[in-house]
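Reading through the structure tokens given below for one structure.
Numbering (the working numbering), first residue to last: 143 to 306.
Right, dumping it as structure tokens:
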């Protein structure tokens, strides 16, 4: 029919689901139960609460619930999203502390200046500790030089023994 209505005749008893498929509109599915005596009952299909019954009047009049949403709307981007990123916070906060802390501390006070110099000298006073690069150089150079010297002396003895 031109108004979009239709009639279905001679349906055997049972439960049926009526679904309208449309690319431009979204419709709720309807379950129609037909008894053996021909009595009909229609209700919305509820997949979450199957025991909940919302009856519909007969004849069925199905109305669109709007256009279907095929795509998820993209989230908007803002500066707060960038600034609250954990990686940015880990880089910016120490930088701010490094830059702003000397400004906050009063360096014109001679006692405070003396304390800061002493603490800096305590950090730099460990000249007795060996440098890691020097330690590694000594460790690997002494083994390689002793091995190469001992192998050359063994080679010399074995070759001299063969000559005799």
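Where is the CB? At the ideal position from N, CA and C, for every residue including glycine. Being a predicted model, the structure only gives us computed values, none of them experimental.
Hey, how far is the Cα of residue 160 from the Cα of residue 172? Their backbone Cα atoms lie some 5 Å apart in a straight line.
Suppose the cutoff is 6 Å on Cβ atoms and the five residues either side in sequence are ignored; what does the same chain contact list for residue 295 look like? Low confidence applies here, because residue 295 scores a pLDDT of 49, under 50, leaving its location unreliable and the question unanswered by this model.
What is the DSSP secondary structure of residue 230, reduced to helix, strand or coil? Judged by DSSP in its simplified three-state form, residue 230 adopts helix.
Where do the ends of the beta strand (DSSP E) carrying residue 175 lie? That run of the beta strand (DSSP E) goes 172 to 176.
State the start and end residues of the unbroken alpha helix (DSSP H) segment that holds residue 224. 221 to 225
Limits of the unbroken beta strand (DSSP E) element including residue 162: Note, residue 162: premise wrong, no beta strand (DSSP E); not H, not E.
Does the structure place the stretch 167 to 186 close enough to the stretch 218 to 227 that three or more beta carbon pairs sit under 8 Å? no
Between residue 180 and residue 214, what straight-line distance do the alpha-carbon atoms span, to the nearest angstrom? 44 Å
Keeping to the same chain, check which residues put their C-beta closer than 8 Å to that of residue 198; ignore five residues upstream and five downstream. 172, 184, 185 and 186
Pick from 237, 205 and 217 that is closest to residue 146, judged by C-alpha positions: 205
Going by alpha carbons, who is nearest to residue 156 out of 167, 165, 236 and 176? 176
Which residues in the same chain as residue 174 place their Cβ atom closer than 8 Å to its Cβ, once the five residues preceding and following it in sequence are excluded? 157, 158, 159, 160, 182, 183, 184 and 202
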